[in-house]
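Visitor: In the working numbering, the protein residues as written are 387 to 540.
Virtual Cβ for every residue (Gly too), placed ideally from N, Cα, C.
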Amino acid sequence: FITIYIDNSDIIPCTIQAGKSKLTSAGYIMRNCWRDLPKHYPNCRLDAFIIMPTHVHGIIQLRSADEADASNKLLVRAGLKPAPTFSDIQKSYSLSEIIRGFKTFSARRINTYLNQTGTKIWQRNYYDHIIRNDAALARIRYYIEANPANWKRW
387 FITIYIDNSD IIPCTIQAGK SKLTSAGYIM RNCWRDLPKH YPNCRLDAFI IMPTHVHGII
447 QLRSADEADA SNKLLVRAGL KPAPTFSDIQ KSYSLSEIIR GFKTFSARRI NTYLNQTGTK
507 IWQRNYYDHI IRNDAALARI RYYIEANPAN WKRW
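Following this line, the structure appears as C-alpha cells:
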C-alpha cells in the first residue's frame, strides 16, 4: 500500500464533488501512467487506486516469476492477451523503481501538457506499508475507495 504526495500546489489532479474524485487533465495523466505500470514492470500487478487533491493511494503487488507465468497461462486459457513474462524480460523490479517510474512518467507528461519543463510535481519520498493478510487487504481497499467520501472529515 503506497501513498505519494504532490509537491506542487499549482497541480490539482482532482476535485472532490459529492464524495467522488473528479479528475482534471493532470489527474487523467496520473491515472493513465498508473495503469501503464505493468507494461513497463511485468512483476507489478495493480490493485485499488485513487487520486486525491493532494496525494494518490494505491496497492501494488510484486509478483515472482512463477506467479506472473501462472497468471499468464490463465489469461491465455481465457482467450485474453498475456502480460510480458519474466522469461521475456528477465528482470524483477523493486517497489522503489516502480514508484520512481510512475513519478517520472507522470511528471514528464504533465509538464508536456502544461507546455513547461522540469517543474516538480511529486514530493521526494513516498509512504509504503506491507499488507500482510486478506483482512488487511480488504480494510485498505475500503479505505482507498472511501477516501473521497471522507475527504472533508480528515
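#1: Quick check: Ile-388 and Leu-481, are their CB atoms within less than 9 Å of each other?
#2: Go through the stretch 476-526 residue by residue and report every complete run of the alpha helix (DSSP H) that reaches 4 residues or more, in order.
#3: Buried or exposed for Asn-501, going by 16 or more other Cβ atoms inside 10 Å?
#4: With DSSP collapsed to three states, give me the class of Tyr-391.
#5: Suppose contacts are defined by Cβ-Cβ distances below 9 Å. Is Ile-485 in contact with Tyr-512 by that definition?
#6: If we count the other Cβ atoms within 10 Å of its Cβ and call it buried at 16 or more, is Ser-492 buried or exposed?
Guide: The short version:
#1: Along the sequence shown, read from residue 1 onward, the residue named residue 388 stands at position 2. Along the sequence shown, read from residue 1 onward, the residue named residue 481 stands at position 95. In this structure, Leu-481 lies closer than 9 Å to Ile-388 by Cβ.
#2: 481-499
#3: Position 115 of the sequence shown holds residue 501. The residue in question, Asn-501, is exposed, as its Cβ has fewer than 16 Cβ neighbours within 10 Å.
#4: Counting from 1 along the sequence shown, the entry for residue 391 is found at position 5. DSSP places Tyr-391 in strand when its eight states are reduced to three.
#5: For the purposes of this step, residue 485 is identified with residue 99 of the sequence shown, where counting begins at 1. For the purposes of this step, residue 512 is identified with residue 126 of the sequence shown, where counting begins at 1. Yes, the pair counts as a contact, with Cβ atoms nearer than the cut-off.
#6: For the purposes of this step, residue 492 is identified with residue 106 of the sequence shown, where counting begins at 1. With 16 or more other Cβ atoms within 10 Å, it is buried.
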